[in-house]
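Engineer: Have a look at this one.
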Amino acid sequence: MSPRWRSHSVLRVFICVSSLQDMQRRERQLKQMLTHLRIDAVSLVMPWDHVVCHLKSEHPSSTSRVMMESVDMPDQYVSAMNDMIKNNSGSATVCLLNLPTPPQDVALGERYLEVLRILTKDLPPTLLVHGISSVISTSL
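The sequence shown begins at 1 in UniProt numbering and counts up one residue at a time.
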């Protein structure tokens, strides 16, 4: 990283937790991972019960966003995620977000694009990133 970027930029990593989870433990795990990966970042714990509640009302048996296809996410849920990101990215130069996995059914492509439009509406420049796996290596 160039010295100018290093002195003028701050990487903020958000961890979203519900009130039922151990916030301090989750933040400690995130900080340990960032330290282990040698990433200089500020970690912020974000309660998101007000976001997840939109899932519970329409999908009582599936409150985990990991289990749910992006095209099945209610618009209110995606919009609440967008609002949370907007409220915490006012001074951001760029937002990096996880790109939801595209649906296997090509017929759902329009819905998938609509979910992405709602997710990124009125955000600062946003980079959607999707990896094939979550493997992280710290050895060279």
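We treat Cβ as the ideally placed atom computed from N, Cα and C, and that holds for glycine. This structure is a prediction, so every number in the text was calculated from the model and none was measured.
1. Run through the DSSP bridge pairs and tell me what His18 is partnered with.
2. Which same chain residues end up closer than 7 Å to Asp49 when comparing Cβ atoms and leaving out the 5 residues on each side of it in sequence?
3. Tell whether a beta-carbon distance below 8 Å holds between Val42 and Val78.
4. Go through its chain and collect everything with a Cβ distance to Asp75's Cβ below 7 Å, but skip five positions before and after it.
5. Identify which residue in Asp72, Met46 and Ser7 has its Cα closest to the Cα of Arg26.
6. Could you check where the beta strand (DSSP E) with Met46 kicks off and where it finishes?
Structural biologist: Answer, in terms of the structure:
1. Within the sequence shown, residue 18 is the residue found at index 18, counting from 1. Before going further, note that residue 18 is Ser rather than His in the sequence given. DSSP lists no partner for Ser18.
2. As a working mapping, residue 49 is identified with position 49 in the sequence shown. So the list reads Ser18 and Ser19, once near-sequence residues are dropped.
3. For this step, residue 42 is matched to residue 42 along the sequence shown. For this step, residue 78 is matched to residue 78 along the sequence shown. Not closer than 8 Å, so no.
4. Start at 1 with the first residue of the sequence shown, and residue 75 comes out as number 75. The beta carbon of Asp75 sits closer than 7 Å to those of Ile118, all from its chain and outside the five residues before and after it, given in chain order.
5. The sequence position of residue 26 within the sequence shown is 26, counting from 1. Among Asp72, Met46 and Ser7, the Cα nearest to that of Arg26 belongs to Met46.
6. Working through the sequence shown from its first residue, we reach residue 46 at position 46. Looking at the DSSP string, the run of the beta strand (DSSP E) that includes Met46 is Val42 to Pro47.
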